[in-house]
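In the numbering used here, the protein residues as written are 493 to 643.
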């Protein structure tokens with residue numbers, strides 16, 4: 493049986509996935525990078541991750557490392573979301589695993605942010621601080637040294 497806490501954790505993770513993860517500011521326009529794709533403000537073009545990986549590029553392996561970090565972060569986020577959904581649905585969530593997956597997703601987006609080098613672009617990572625807040629608010633008690641090593 494799910495508890496109210498598990499439901500609130502799941503809602504927080506769903507909101508993480510709906511919000512923009514990165515804002516890339518260019519002169520006169522911006523891009524919003526989400527878990528599922530991105531939106532360009534110049535013509536309000538939407539590019540899904542599927543289109544980006546398999547129609548506009550030659551696939552995941554053809555991308556430079558910092559651009560591979562975005563789909564990796566999405567995969568890690570989806571795993572964390574599945575873990576939290578399991579906690580809300582059947583009451584079986586190892587919150588250490590969920591928090592660890594979220595932190596790994598945030599680190600992957602940090603790689604994306606750092607690697608996005610463009611002389612006229614300013615990259616604002618929103619996902620990284622949001623993950624840190626969610627982990628602190630919902631998972632900090634599960635991440636104490638005593639709780640991490642218990643079986």
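Glycine residues also receive a C-beta, built at the ideal position from the N, C-alpha and C atoms.
For the 8 Å CB-CB criterion, residue 539 and residue 548 form a contact. In the displayed model, residue 534 falls within coil according to three-state DSSP, outside both helix and strand. The three-state secondary structure of residue 630, taken from DSSP, is helix. Annotation: the continuous beta strand (DSSP E) that includes residue 518 extends over 514-518. Looking only at 517, 546, 580 and 529, the smallest Cα-Cα distance to residue 510 is reached by 529. Per DSSP, residue 566 is one residue of the alpha helix (DSSP H) stretching across 557-582. Inclusion of residue 602 and residue 621 in the CB contact set at 8 Å is not warranted, their separation being larger than that value. In the DSSP assignment, residue 524 falls within the unbroken beta strand (DSSP E) covering 521-525. Beyond the five residues adjoining it in sequence on each side, residue 629 comes within less than 8 Å, by CB distance, of 504 in the same chain, given in chain order.
When Cβ pairs closer than 8 Å are counted between the two stretches, the segment 507-524 is seen to touch the segment 608-617, the count reaching three or more. In terms of Cα proximity to residue 632, the closest of 587, 568 and 518 is 587. With distances taken between CA atoms, residue 544 lies nearest to 527 out of 535, 534, 527 and 533.
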